[in-house]
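First the structure, in the form of structure tokens, and then the observations on it.
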Amino acid sequence: MMRVKHISVSIDRAVDEVYAFLADPGNFERWASGLGTGLTPIEGQFWRADGPEGPVTVRFSALNPLGVVDHEVTTPAGMRILNPLRVIANGSGSEVVFTLFQRPGVSDEAFDADARWVTRDLESLKRLLE
Numbered sequence: 028m029m030r031v032k033h034i035s036v037s038i039d040r041a042v043d044e045v046y047a048f049l050a051d052p053g054n055f056e057r058w059a060s061g062l063g064t065g066l067t068p069i070e071g072q073f074w075r076a077d078g079p080e081g082p083v084t085v086r087f088s089a090l091n092p093l094g095v096v097d098h099e100v101t102t103p104a105g106m107r108i109l110n111p112l113r114v115i116a117n118g119s120g121s122e123v124v125f126t127l128f129q130r131p132g133v134s135d136e137a138f139d140a141d142a143r144w145v146t147r148d149l150e151s152l153k154r155l156l157e
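Here you go:
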């Protein structure tokens with residue numbers, strides 16, 4: 028099993044509004060700096076972005092009533108990285124939870140740096156939506 032961190036942020040905005048924003052892949056560049064730049068649709072749920080190692084393909088989850096906003100990144104080397112993301116009602120606001128897995132070969136230091144990056148991105152999302 029891989030080491031995992033659940034990183035969350037509370038957002039003072041209704042869950043359906045936060046989900047609607049996150050469910051539009053075109054909004055990811057506005058807050059998710061770790062995904063890459065130049066995010067453009069390819070077909071259906073698939074998008075392309077320029078990642079640090081070259082072009083990546085991103086598959087976003089289909090719209091659903093459960094608050095699931097997962098996205099899977101396929102790197103230029105063909106590695107698939109699942110990024111579970113959930114929007115959960117928290118009173119009159121929302122909780123956004125990102126699950127970060129420490130993949131094989133990723134050092135503890137790199138994993139901790141990734142967690143800090145995700146935290147910064149979620150804080151950017153909070154500032155954008157509040």
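Okay, so the sequence shown: first residue is 28 according to our numbering, each after it adds one.
All C-beta atoms, glycine included, are put in the ideal place defined by N, C-alpha and C.
ask   = A50: which of S88, I115, A140, R107 sits nearest, CA to CA?
value = Ranking the options by Cα distance to A50, first place goes to S88.
ask   = Since G116 contacts V42 with CB under 8 Å, what's their CB separation in whole angstroms?
value = The sequence shown places Ala at residue 116, rather than the Gly named in the question. 4 Å between Cβ atoms; contact.
message = With H, G and I counted as helix, E and B as strand and the rest as coil, what does DSSP make of S37?
response = The three-state secondary structure of S37, taken from DSSP, is strand.
query = In the DSSP assignment, what residue or residues form a beta bridge with W74?
reply = Bridge partners of W74 according to DSSP: P68, V85.
ask   = When the Cβ atoms of the region 76-88 are set against those of the region 100-115, are three or more pairs found closer than 8 Å?
value = Yes, they touch.
message = Taking only three categories from DSSP, how would you classify R147?
response = In the structure shown, the three-state DSSP call for R147 is helix.
ask   = Is it the case that the Cβ atoms of S60 and V123 are separated by a distance below 8 Å?
value = Cβ distance not < 8 Å, so S60 and V123 don't count as in contact.
query = Residues bridged to F128 by DSSP?
reply = Beta-bridge pairing links F128 to V31.
request  = For chain B, find out if any of its Cβ atoms is closer than 8 Å to the Cβ of V100; answer yes or no.
outcome  = In the structure shown, chain B cannot be found, because there is only a single protein chain.
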